[in-house]
Amino acid sequence: MNDDFTKGSVIMEHLGNSTIKEELGRSTWKLFHTMLARYPEEPKPDERSALGQFIHLLSRLYPCGECAEHFQLLLQEYPPQTSSRAAASQWGCAIHNLVNERLRKPVFDCNSIEVQYPCGCAEP
């Protein structure tokens, strides 16, 4: 098995159904931002590695091949920020806004990302 399985080309084909593509996008962004909001404030090295690997694997396995290709290009220019919860959340918001700009959708105020996607960390 390849030692660096996170690097490589997109695996999935293009997704032609725009309704499915939009539903997939909304669901993925919800997962993405919620995961980053719950990421440790002071992650251990293996946690930082795990988040980076997940993001790169997502860019290969995302069910919309065209979307995955665009995401890979963004990752090349803006590598995942995994040093802290705040860094990861702000990076995720910035990436989402770059996608929104390309799709001509409204951008999100990254100053309120923690309000939109709270950690919920104090809850039992």
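Residues in the sequence shown are numbered consecutively from 1, following the UniProt record's numbering.
Using N, Cα and C, we set each Cβ at its ideal position, and we do this for glycine too.
Treat the numbers as computed from the prediction; the structure is a model and nothing was measured.
Please state if the CB of residue j and the CB of residue i are separated by a distance shorter than 8 Å.
| i | j | result |
| --- | --- | --- |
| Cys110 | Gln90 | yes |
| Gly92 | Phe54 | no |
| His56 | Leu74 | no |
| Pro43 | Thr82 | yes |
Which residue from the options puts its Cα closest to that of residue i?
| i | options | result |
| --- | --- | --- |
| Ile20 | Asp46, Gly65, Pro40, Glu42 | Gly65 |
| Phe71 | Gly52, Ala94, Val99, Glu23 | Val99 |
| Gly8 | Trp29, Thr34, Gly16, Leu58 | Leu58 |
| Arg48 | Phe108, Leu61, Pro79, Tyr62 | Pro79 |
Should residue i be listed as close to the ligand ZN, given that the test is whether its C-beta is under 7 Å from any heavy atom?
| i | result |
| --- | --- |
| Gln53 | Absent from the structure shown: the ligand ZN. Ligands present: none. |
Pop quiz: residue i and residue j are said to be a contact at Cβ under 8 Å. What is the actual Cβ separation, rounded to whole angstroms?
| i | j | result |
| --- | --- | --- |
| Glu69 | Val10 | 5 Å |
| Leu51 | Tyr39 | 6 Å |
**Prompt:** Quick one: any contact between the stretch 77 to 89 and the stretch 112 to 122, if contact means 3 or more CB pairs under 8 Å?
**Reply:** They touch, by the three-pair rule.
**Message:** Quick check on the DSSP output: what are the complete alpha helix (DSSP H) runs of length 4 or more inside the UniProt domain "ERV/ALR sulfhydryl oxidase" (17 to 117), in order along the chain?
**Reply:** Correct list: 18 to 38, 45 to 61, 65 to 77, 85 to 102, 113 to 116.
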